[in-house]
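K.L.:
So the protein sequences, as listed, match chains A and B. Counting from 1, one number per residue, gives the positions in the first sequence under my numbering. Counting from 1, one number per residue, gives the positions in the second sequence under my numbering. All C-beta atoms, glycine included, are put in the ideal place defined by N, C-alpha and C. Everything numeric in this text was worked out from a predicted model, so none of it was measured.
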Amino acid sequence: GIQVEQSPPDLILQEGANSTLRCNFSDSVNNLQWFHQNPWGQLINLFYIPSGTKQNGRLSATTVATERYSLLYISSSQTTDSGVYFCAVDQGGSEKLVFGKGMKLTVNP
Amino acid sequence: DAGVIQSPRHEVTEMGQEVTLRCKPISGHDYLFWYRQTMMRGLELLIYFNNNVPIDDSGMPEDRFSAKMPNASFSTLKIQPSEPRDSAVYFCASTEGQGRDYGQFFGPGTRLTVL
Numbered sequence: 001g002i003q004v005e006q007s008p009p010d011l012i013l014q015e016g017a018n019s020t021l022r023c024n025f026s027d028s029v030n031n032l033q034w035f036h037q038n039p040w041g042q043l044i045n046l047f048y049i050p051s052g053t054k055q056n057g058r059l060s061a062t063t064v065a066t067e068r069y070s071l072l073y074i075s076s077s078q079t080t081d082s083g084v085y086f087c088a089v090d091q092g093g094s095e096k097l098v099f100g101k102g103m104k105l106t107v108n109p
Numbered sequence: 001d002a003g004v005i006q007s008p009r010h011e012v013t014e015m016g017q018e019v020t021l022r023c024k025p026i027s028g029h030d031y032l033f034w035y036r037q038t039m040m041r042g043l044e045l046l047i048y049f050n051n052n053v054p055i056d057d058s059g060m061p062e063d064r065f066s067a068k069m070p071n072a073s074f075s076t077l078k079i080q081p082s083e084p085r086d087s088a089v090y091f092c093a094s095t096e097g098q099g100r101d102y103g104q105f106f107g108p109g110t111r112l113t114v115l
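This is the structure we're talking about:
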């Protein structure tokens, strides 16, 4: 099945810093999503981005489908950005999402 | 909309007992998914429904697990009998059909502990 790799696995930042999270996937996809799992365990849908670029406030995401990767940018990070960020993809038109292992972000005040 | 609703939020039970988890998807969404999250295996899809019909249950770990969706606004995931290795957080998610632009939305999860 499709493989999803996220990097870096962990990241510690000071408040106000910027960061880039990367997601590589091993096959073509119809769906790619970025999620944030906050410290309370809630999974929050950040972006649905099978291709192109989207922005939502301090967060933006870019997917280059032909090169099989996606990037999540966090600018001016805040302590509330802490948590685990997941990339998830489907494969071949199926609605099944395959999740990466996640990237733990810690933003210190 | 209130989002995806799951109940209970926490469940503690003893090995061998039956456990039923419940989910109400977002109104108008015709896909419903059940996931399990553990430290060892991460987030795994167990089963998903389209228009109340199970489409893919290949992720259901064994016969002790079953899921139903009797109508568009309700689904259950049942474990009978439960075992300690079933301890995990179980998420329900929903999404609209083709043509959407926003992907899957997750409920708050049910944290299951089997003693």
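Tell me, which residues are paired with Trp34(B) by DSSP?
P.N.:
Counting from one through the second sequence, the residue named residue 34(B) turns up at place 34. Note: Trp34(B) sits in a beta bridge opposite Ile47(B) and Cys92(B).
K.L.:
Return the residues of the stretch 45-59 of chain B that lie within a Cβ-Cβ distance of less than 9 Å from chain A, sorted by chain order.
P.N.:
For the stretch 45-59 of chain B, which is checked against every Cβ of chain A, the residues closer than 9 Å are Leu45, Tyr48, Asn50, Ile55, Asp56, Ser58 and Gly59.
K.L.:
Quick test of the definition: if touching needs 3 or more C-beta pairs under 8 Å, does the stretch 84-92 of chain B touch the stretch 31-43 of chain B?
P.N.:
The stretch 84-92 of chain B vs the stretch 31-43 of chain B: in contact.
K.L.:
Using a Cβ cut-off of 9 Å (strictly closer), state whether Arg100(B) contacts chain A.
P.N.:
One-based indexing of the second sequence puts residue 100(B) at position 100. It does; some Cβ of chain A falls within 9 Å.
K.L.:
Using the beta-carbon count (16 or more within 10 Å), is Tyr85(A) buried or exposed?
P.N.:
On the first sequence, position 85 is the one that residue 85(A) refers to. So Tyr85(A) ends up on the buried side.
K.L.:
How big is the Cα-Cα spacing for Cys23(B) and Arg9(B)?
P.N.:
Residue numbering aside, residue 23(B) sits at position 23 when the second sequence is read from its first letter. Residue numbering aside, residue 9(B) sits at position 9 when the second sequence is read from its first letter. Rounded to whole angstroms, Cys23(B) to Arg9(B) spans 11 Å at the Cα level.
K.L.:
Taking Cβ positions, are Asn168(A) and Ser76(A) nearer each other than 9 Å?
P.N.:
Residue 168(A) is absent from the structure shown; chain A starts at 1 and stops at 109.
K.L.:
Between the beta-carbon of Thr95(B) and the beta-carbon of Thr13(B), is there less than 9 Å?
P.N.:
As a first step, residue 95(B) must be located in the second sequence, where it is residue number 95. As a first step, residue 13(B) must be located in the second sequence, where it is residue number 13. Not a contact, by the Cβ cut-off of 9 Å.
K.L.:
Roughly how many whole angstroms lie between the Cα atoms of Gln91(A) and Leu72(A)?
P.N.:
Sequence index remark: in the first sequence, residue 91(A) carries index 91 (1-based). Sequence index remark: in the first sequence, residue 72(A) carries index 72 (1-based). Each residue's alpha carbon lies about 20 Å from the other.
K.L.:
How should Trp34(A) be labelled, buried or exposed, when 16 other C-beta atoms within 10 angstroms of its C-beta is the threshold for buried?
P.N.:
Counted from its first residue, the first sequence places residue 34(A) at position 34. Burial call: buried.
K.L.:
CA-CA distance, Ala67(B) and Glu15(A)?
P.N.:
Position 67 of the second sequence, counted from the start, is the residue given in the question as residue 67(B). Position 15 of the first sequence, counted from the start, is the residue given in the question as residue 15(A). Distance between the alpha carbons of Ala67(B) and Glu15(A) is about 43 Å.
K.L.:
Report whether the distance from the Cβ of Arg64(B) to the nearest heavy atom of the ligand ADP is below 8 Å.
P.N.:
Annotation note on the ligand ADP: not contained in the displayed structure, which lists no ligands.
K.L.:
What runs of the beta strand (DSSP E), each 3 residues or longer, lie entirely inside the stretch 60-106 of chain A?
P.N.:
Taking only runs of at least 3 residues, the beta strand (DSSP E) segments lying wholly in the stretch 60-106 of chain A are 69-74 and 83-89.
K.L.:
Check distances from the C-beta atoms of the stretch 18-46 of chain A to those of chain B and list, in chain order, the residues that come in under 7 Å.
P.N.:
Within the stretch 18-46 of chain A, the qualifying residues are Asn31, Gln33, Gly41, Gln42, Leu43 and Asn45.
K.L.:
Hey, quick one: how far does the beta strand (DSSP E) through Asn71(B) stretch, first residue to last?
P.N.:
Translated into positions along the second sequence, residue 71(B) becomes position 71. Residues Phe65 to Asn71.
K.L.:
For Thr106(A), I'd like the list of residues in its chain whose CB is within less than 6 Å of its CB, leaving aside the five on either flank, ordered along the chain.
P.N.:
The residue given as residue 106(A) occupies position 106 in the first sequence. Correct list, in chain order: Ile12 and Ser82.
K.L.:
Considering only C-alpha positions, which residue in the set Cys87(A), Asn30(A), Thr80(A) and Ala61(A) is nearest to Pro39(A)?
P.N.:
To locate residue 39(A), count along the first sequence from 1; it is residue 39. Of Cys87(A), Asn30(A), Thr80(A) and Ala61(A), the residue nearest in Cα terms is Thr80(A).
K.L.:
Of all the options Val29(A), Ser94(A) and Pro109(A), which has the alpha carbon lying nearest to the alpha carbon of Ile55(B)?
P.N.:
As a position in the second sequence, residue 55(B) is number 55, starting the count at 1. The shortest C-alpha separation from Ile55(B) is found at Ser94(A).
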